[in-house]
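Peer 1: If you want the working numbering, it's the 1-based position in the sequence shown plus 17. The beta-carbon is built from N, C-alpha and C at its ideal position, and this holds for glycine as well. Fair warning: this is a prediction, and the values are worked out from it, not measured in the lab.
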Amino acid sequence: MQENNIHILSTRPLTSLLVSEAKEEGIAIDELSFIETEPIQSVEVQQEIEQAYMQSATVVFTSMNAVTAVLAQQDSQLPDWVIYCLGNTTKKLLQESFGEHSVAATAGSAAELAEKIIEAADVDEVIFFCGEQRRDELPAILRKEGIDVQEIMVYETIHTPHKVSKQYQGILFYSPSAVTSFFSSNKIADQTIVFAIGTTTAKAVQQYCNNTIIIGKSPGKEELVRQAMDFFNEL
C-alpha cells in the first residue's frame, strides 16, 4: 500500500471499494455531501406520476433522484415508455427497474440528449421527470423544435453546506447544485484541480473560481473518480 500523499474531496458518497482502491494507489478520498434530495410527496405529484405510468410515452430523466422518486410510485406492471436519460448510473438504474432495453438513448449533456430525442423524428411530446432546480437547456431545445414538454417535478434539492478546512489537491463535483452549496461556504486554493461530471457542472464552477477544471470523459460518478485517480497517478 502506498503512502497517501494525494488528498481529494468527493462531494457525494462513494462505494467503500472505490475508496479502498484509491487508498491502495496512494490517494486518500474524503466524502462529504453538499446537497440532499427529497421526493415531493404531494397528492398532485403522485397523481401525475400515476397518470404517466398509464400512458404510452416518451420519457426523459436527467438524474437518478428523479428515477428514484418515480419508482416509489411503480406498480408491478412495466410502463409502455421510450426512455431517454443522462448518465450511466441513471441508465443502469432504469434498466434494472424497467428492463434491459428500456432506454432508447443516453448522453453526457442535456444538449446532446435533446438532439438525440429530436433525431428520433417521431417524437412530438415528452414527459420530463425533474427536480425543482432543473436546468432550462433540455426543455428549451425541445420546445424550439416544436416538441411539447410536460414537466413533472418529482424531487427537491436542499443545500447542506459545510466549512472545509483541509486543503485538497482535487475536488470532485457531480451537479451544479453541489457546486453552489460548496462555494457558499468555501474557497479553494489556486492549485486545486476541479473535476466536474459534465459541462453544465463545469460552467457552474467557473462562476466561482478560475481553477483548472477537468470534465468527465463519461457521465458516471465512478468514472469521474477513476479519471481523477488516473490524473494524479500520472503526475
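1. If we call anything under 9 Å between Cβ atoms a contact, is F115 one with I134?
2. Suppose you measure from the CA of E140 to the CA of P156; what does that come to, to the nearest Å?
3. Nearest CA to the CA of R151: which residue from L35, T54, Q208 and H179?
4. List the residues that DSSP assigns as beta-bridge partners of I231.
5. Would you mind stating whether A131 and E168 have Cβ atoms separated by less than 9 Å?
6. Classify V60: buried if its beta carbon has 16 or more other beta carbons within 10 angstroms, exposed otherwise.
7. So, under 8 Å CB-CB, C102 and V87 are touching, yes? Tell me the CB distance rounded to an integer number of Å.
8. Measuring only the C-alpha atoms, how far is S126 from G104?
9. If we require 4 or more residues per run, which alpha helix (DSSP H) segments fall completely within the stretch 58–105?
10. With a threshold of 8 Å, are at least 3 pairs of Cβ atoms found where one atom belongs to the stretch 228–238 and the other to the stretch 173–182?
11. Thinking C-beta only, is L241 closer than 9 Å to F212?
12. For P317 and A219, I'd like the C-alpha separation in whole angstroms.
13. Can you tell me whether DSSP reads L49 as helix, strand or coil?
14. Taking T217 as the reference, which of Q184, S192, G163 and S202 has the closest Cα?
15. Return helix, strand or coil for S27, following the three-state DSSP convention.
16. Measuring alpha carbon to alpha carbon, tell me which residue in F146, C147, V77 and E149 is nearest A122.
17. Could you pull the start and end residues of the beta strand (DSSP E) that L252 belongs to?
18. With a floor of 3 residues, list each beta strand (DSSP E) that falls wholly inside the stretch 149–189, ordered by position along the chain.
19. Going by the beta-carbon positions, is the gap between T106 and K238 smaller than 9 Å?
20. Note down the Cα distance separating A221 from Q90, rounded to an integer number of angstroms.
21. Based on the DSSP output, what are the partners of I144 in its beta bridges?
22. Hey, is C147 close to the ligand GDP, as in C-beta under 8 Å from one of its heavy atoms?
Peer 2: Taking the definition as stated:
1. Residue 115 sits at position 98 when you count from the first residue of the sequence shown. Residue 134 sits at position 117 when you count from the first residue of the sequence shown. Contact: no.
2. Numbered from 1 along the sequence shown, position 123 holds the residue referred to as residue 140. Numbered from 1 along the sequence shown, position 139 holds the residue referred to as residue 156. The identity of residue 140 in the sequence shown is Val, whereas the question assumes Glu. About 13 Å.
3. For the purposes of this step, residue 151 is taken as residue 134 along the sequence shown, with counting starting at 1. Of L35, T54, Q208 and H179, the residue nearest in Cα terms is T54.
4. Along the sequence shown, one-based indexing puts residue 231 at 214. F212, per the DSSP bridge assignment.
5. Position 114 of the sequence shown, counted from the first residue, corresponds to residue 131. Position 151 of the sequence shown, counted from the first residue, corresponds to residue 168. Judged by their CB atoms, A131 and E168 are not nearer to each other than the 9 Å cut-off.
6. Locating residue 60 in the sequence shown gives position 43, counting from the first residue. A residue is called buried when at least 16 other Cβ atoms come within 10 angstroms of its Cβ; V60 does not meet this threshold and is exposed.
7. What you label residue 102 is simply residue 85 of the sequence shown in a count that begins at 1. What you label residue 87 is simply residue 70 of the sequence shown in a count that begins at 1. The Cβ separation is near 12 Å, so there is no contact.
8. Residue mapping note: residue 126 aligns to position 109 of the sequence shown, counting from 1. Residue mapping note: residue 104 aligns to position 87 of the sequence shown, counting from 1. Roughly 8 Å between the two C-alpha positions.
9. Counting only runs of 4 or more, we get 60–70 and 81–88.
10. no
11. Reading the sequence shown from its first residue, position 195 is the one you call residue 212. Reading the sequence shown from its first residue, position 224 is the one you call residue 241. Yes, these two residues count as a Cβ contact at 9 Å.
12. For the chain, the structure presents residues 18 to 252; residue 317 sits outside this window and is missing.
13. If you number the sequence shown from 1, residue 49 lands on position 32. In this structure, L49 counts as coil in the three-state DSSP scheme.
14. Mapped onto the sequence shown, residue 217 falls at position 200. T217 has its Cα closest to that of S192, out of Q184, S192, G163 and S202.
15. Taking the first residue of the sequence shown as 1, we reach residue 27 at position 10. Looking at S27 - three-state DSSP - the assignment turns out to be strand.
16. The residue you call residue 122 lines up with position 105 of the sequence shown. Of the listed residues, the one whose Cα sits closest to A122 is V77.
17. Here the question's residue 252 lines up with position 235 in the sequence shown. From DSSP, L252 is part of no beta strand (DSSP E); its letter is neither H nor E.
18. 165–176
19. As a working note, residue 106 is residue 89 in the sequence shown. As a working note, residue 238 is residue 221 in the sequence shown. The answer is yes: Cβ separation under 9 Å.
20. Within the sequence shown, the letter at position 204 stands for residue 221. Within the sequence shown, the letter at position 73 stands for residue 90. Cα-Cα distance, rounded: 32 Å.
21. Mapped onto the sequence shown, residue 144 falls at position 127. I144 pairs with V76 and Q167.
22. Absent from the structure shown: the ligand GDP. Ligands present: none.
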